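A short worksheet on the structure shown next.
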Amino acid sequence: MNSQPIEPVIVVCYGPPCSGKSTVAELLANRLNDAGIKAQHLSVDSILTEILPESDRNVHDRTLAINVMHQRAQTLFHDRQIVVLDSTYTRYQARKQLEDVDGSPKTDPHRMRDLVHHKGSVHEEETPQP
Numbered sequence: 262m263n264s265q266p267i268e269p270v271i272v273v274c275y276g277p278p279c280s281g282k283s284t285v286a287e288l289l290a291n292r293l294n295d296a297g298i299k300a301q302h303l304s305v306d307s308i309l310t311e312i313l314p315e316s317d318r319n320v321h322d323r324t325l326a327i328n329v330m331h332q333r334a335q336t337l338f339h340d341r342q343i344v345v346l347d348s349t350y351t352r353y354q355a356r357k358q359l360e361d362v363d364g365s366p367k368t369d370p371h372r373m374r375d376l377v378h379h380k381g382s383v384h385e386e387e388t389p390q391p
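If you use my numbering, the sequence shown corresponds to residues 262 to 391, in order.
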């Protein structure tokens, strides 16, 4: 087991509506936490419901929710947590804002797999051989 601290990263799950982003993001954050790695899942849909419960989910309201999500992500990142974001990110400006959250490129899922497996608490399921 490595005694060096885990570097905070921001993982972004994005794609079309109803494609499983929230499910994957939640599972990833849970598995990281189960492995003893501080991780937080932030969903633009959950934040939108929290801050504007009566919203019809128009572009202005979604942009506001994305801004709030990015502010929260930045705080968590500076608190040395892994942050898992989920949003469609269909607008270029929202994607561009991600660069300002932590100032670095986002990580890929393989790095997360390596972090989780490195801690030794989470293992991939083996596929039974015929």
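All C-beta atoms, glycine included, are put in the ideal place defined by N, C-alpha and C. Since we're looking at a predicted model, the values are computed, not measured.
Just tell me which of the options has its CA closest to the CA of residue i.
i	options	result
Y350	L337, I343 and M330	M330
I343	R292, E315 and Q354	R292
Along the alpha helix (DSSP H) that carries residue i, what are the first and last residues, could you check?
i	result
V270	Taken as a continuous stretch (DSSP letters only), V270 belongs to no alpha helix (DSSP H), as it is neither H nor E.
T310	V305 to I312
D322	V320 to H339
Mark residue i as exposed unless 16 or more other C-beta atoms lie within 10 angstroms of its C-beta, in which case mark it buried.
i	result
S280	exposed
M373	With a pLDDT of 47 at M373, under the threshold of 50, the modelled position of that residue is not reliable, and the figure given next carries that caveat. It is buried - the Cβ of M373 has at least 16 other Cβ atoms within 10 Å.
P277	exposed
H339	exposed
R323	buried
K357	exposed
Where do the ends of the beta strand (DSSP E) carrying residue i lie?
i	result
I298	Per DSSP, I298 belongs to no beta strand (DSSP E) and is neither H nor E.
D347	I343 to S348
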